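Chains S and C, in that order, are what the protein sequence lines are.
In terms of our numbering, the first sequence is residues 1 to 116.
In terms of our numbering, the second sequence is residues 1001 to 1114.
Following: one structure in structure tokens, then a few remarks.
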Amino acid sequence: NAGVTQTPKFQVLKTGQSMTLQCAQDMNHEYMSWYRQDPGMGLRLIHYSVGAGITDQGEVPNGYNVSRSTTEDFPLRLLSAAPSQTSVYFCASSPGTSGSYQETQYFGPGTRLLVL
Amino acid sequence: AQSVTQLDSHVSVSEGTPVLLRCNYSSSYSPSLFWYVQHPNKGLQLLLKYTSAATLVKGINGFEAEFKKSETSFHLTKPSAHMSDAAEYFCVVSDSEYGNKLVFGAGTILRVKS
């Protein structure tokens, strides 16, 4: 099992450019999510999905779009990058069963994004 | 609403001395609590979790934490620090209302001096 994988590892964008951060998992997990990590703020939830075709907003969704067409993949799209989106982005997954708040979530290695 | 407060942004200990990283939480429902560790430029690794079973939870690498409902605390301890413990540690809460959505503390950076 590769677990949770993310690509790219590092990306530099100019303000206004768009891009997609890729996330994939091979554990057949129903629940997937995206977080951003900023110094002194821990990780904050951007968007999440409880299964294919179902997505919802987290704490900081503005400027980001997601879709979930398959169980395995959960891409994060930046429509028009802004310097405030400079951050480290983590994807996570968990089985998503009932009682799900007790589940361990598995994190990918992260994507470091710099917006100039 | 859930929230997590990590009481120290930085903790410095000498190798071989005890480690204490403090965490207080707020939750309207029975919470699950986690400690994750992040080594420099790495992803997050689960150290341990509390899910309403035993209040003293043992994790990997000699770490443990005690859930104290009356104090709304979940402090992380280790009897003897090792140089490899130097990292950032996150206390995390979820509950039955919020499901899989995790709420992170701001993190505590642990420095281990030789």
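Even glycine gets a Cβ: it sits at the ideal position worked out from N, Cα and C.
Since the structure is predicted, the reported quantities are computational estimates derived from the model, not experimental observations.
If we count the other Cβ atoms within 10 Å of its Cβ and call it buried at 16 or more, is H47 (chain S) buried or exposed?
-> H47 (chain S) is buried by the Cβ-count criterion.
Any non-hydrogen atom of the ligand ATP closer than 6 Å to Y1025 (chain C) Cβ | Absence of the ligand ATP from the depicted structure is noted, as is the absence of any ligand whatsoever, leaving it without description.
Along chain S, which residues have their Cβ under 8 Å away from the Cβ of T1051 (chain C)?
-> Neighbours of T1051 (chain C) in chain S, taken as residues whose beta carbon is under 8 Å from its own, are Q102 in chain order.
Measure from the alpha carbon of P109 (chain S) to the alpha carbon of each residue in C:K1042, C:F1063, C:E1064 and C:V1037, then state which is nearest.
-> Nearest of C:K1042, C:F1063, C:E1064 and C:V1037 to P109 (chain S), Cα basis: C:K1042.
Quick one: what's got a C-beta closer than 8 Å to V1103 (chain C)'s C-beta in the same chain, skipping five residues either side?
-> For V1103 (chain C), where only same-chain residues beyond five positions count, the Cβ hits under 8 Å are Q1002, S1003, V1004, V1092, V1093 and S1094.
Starting from L116 (chain S), trace the beta strand (DSSP E) both ways and give me its first and last residue.
-> Taken as a continuous stretch (DSSP letters only), L116 (chain S) belongs to no beta strand (DSSP E), as it is neither H nor E.
Opening and closing residue of the beta strand (DSSP E) in which I1060 (chain C) lies | If you look at I1060 (chain C), you'll find it isn't in any beta strand (DSSP E); DSSP assigns it neither H nor E.
6 Å Cβ shell around L1033 (chain C) - same chain, five flanking residues per side excluded = Taken in chain order, the residues that qualify are Y1050, F1074 and V1093.
Taking just the CA atoms, how far does E1015 (chain C) sit from G63 (chain S)?
-> Distance between the alpha carbons of G63 (chain S) and E1015 (chain C) is about 44 Å.
Cβ separation of S49 (chain S) and F74 (chain S), assumed to be a contact under 8 Å, to the nearest whole Å = Indeed, because the Cβ distance is near 6 Å, the residues count as touching under 8 Å.
Report yes or no: is there a C-beta of chain C within less than 7 Å of the C-beta of G53 (chain S)?
-> It does not: the Cβ of G53 (chain S) has no partner Cβ on chain C nearer than 7 Å.
Range covered by the beta strand (DSSP E) that runs through Y1050 (chain C) | Taken as a continuous stretch (DSSP letters only), the beta strand (DSSP E) holding Y1050 (chain C) covers L1044 to Y1050.
Closest Cβ-Cβ distance between F1063 (chain C) and chain S: below 7 Å?
-> With 7 Å as the cut-off, F1063 (chain C) does not count as an interface residue toward chain S.
Go ahead and pull the three-state DSSP assignment for M1083 (chain C).
-> Looking at M1083 (chain C) - three-state DSSP - the assignment turns out to be helix.
With 7 Å as the C-beta to C-beta threshold (strictly closer), list the residues of the region 1066-1079 of chain C near chain S in chain order.
-> Answer in chain order: no residues at all.
Using the Cα positions of T20 (chain S) and E30 (chain S), report the straight-line distance between them to the nearest angstrom.
-> Rounded to the nearest angstrom, the two C-alpha atoms are 21 Å apart.
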